[in-house]
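If you're matching positions, the sequence shown starts at 256 in the working numbering and goes up one per residue.
The structure under discussion appears below in the form of structure tokens.
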Amino acid sequence: MVVGCLGDIGFHVSADVVEVINNITWSGKARYSTHQRHLRNALTEFTGIEPDEMSFDITLSAYLGVDPLAEMVKIWTYERDGEAVPLVIGERPYGKYRWSIVSHKIKMQYTDKYGNVTHAVVSVSLQEYLNADAAKNWVR
């Protein structure tokens, strides 16, 4: 059963393959400016919304039917090419448009006797990507 995807990196659970995400954190924040005034209190002004951020861990294990290195290369490629990709978890897309991978951290936990990675946990950090066309079509 497919439980989601990040671009063409699928998260699924079946009798043959288990590739799942966990430790999901989704955050956002508002942007304010502070205007200093002589001998008076400063004024604050709401100036917009920062892009949302999301992070999660992806478990990649050859013991669960996944090629860890192949999936890690997909993550590197998205990050280094600056490609914005859709994020779907469960039955719903997340964000207003797409997401960019801004950083990753790989914990290579196990290797085979030749040194090939057989089990890794990849922590990815995403930032919401909203281009001008998507922004004008998006309505609150």
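Heads up, the beta-carbon is just placed ideally off N, CA and C, and yes, glycines get one too.
Go through the segment 313-351 residue by residue and report every complete run of the alpha helix (DSSP H) that reaches 4 residues or more, in order.
Listed in chain order, the complete alpha helix (DSSP H) runs (minimum 4 residues) inside the segment 313-351 are 323-336.
Cβ shell of Met363 (< 6 angstroms), same chain only, five flanking positions each side left out
Correct list, in chain order: Val372 and Ala375.
Can you check DSSP and say which residues form a bridge with Ser269?
Per DSSP, Ser269 has no beta bridge partner at all.
Using the Cα positions of Glu274 and Thr314, report the straight-line distance between them to the nearest angstrom.
So the alpha carbons of these two residues sit roughly 6 angstroms apart.
Arg335 versus Val258, Ile356, Ala270 and Val343, residue with shortest Cα-Cα distance
The candidate whose alpha carbon is nearest that of Arg335 is Ile356.
Which value, in whole angstroms, describes the spacing of the CA atoms of Lys360 and Ser288?
Their Cα atoms are separated by approximately 33 angstroms.
In this structure, what does DSSP give as the bridge partners for Gln382?
For Gln382, the pairing in a beta bridge is given by DSSP as Glu308 and Ser355.
Beta carbon of Ser355: closer than 7 angstroms to some heavy atom of the ligand ZN?
This structure simply doesn't include the ligand ZN, nor any ligand for that matter.
Cα-Cα separation, Tyr369 to Met256:
Roughly 32 angstroms between the two C-alpha positions.
Looking only at C-alpha atoms, which of Trp281, Leu294, Ile330 and Glu346 sits nearest to Met309?
Nearest C-alpha to Met309: Trp281.
Hey, out of Ser358, Ser316 and Glu338, whose CA is closest to Leu385's CA?
Among Ser358, Ser316 and Glu338, the Cα nearest to that of Leu385 is on Glu338.
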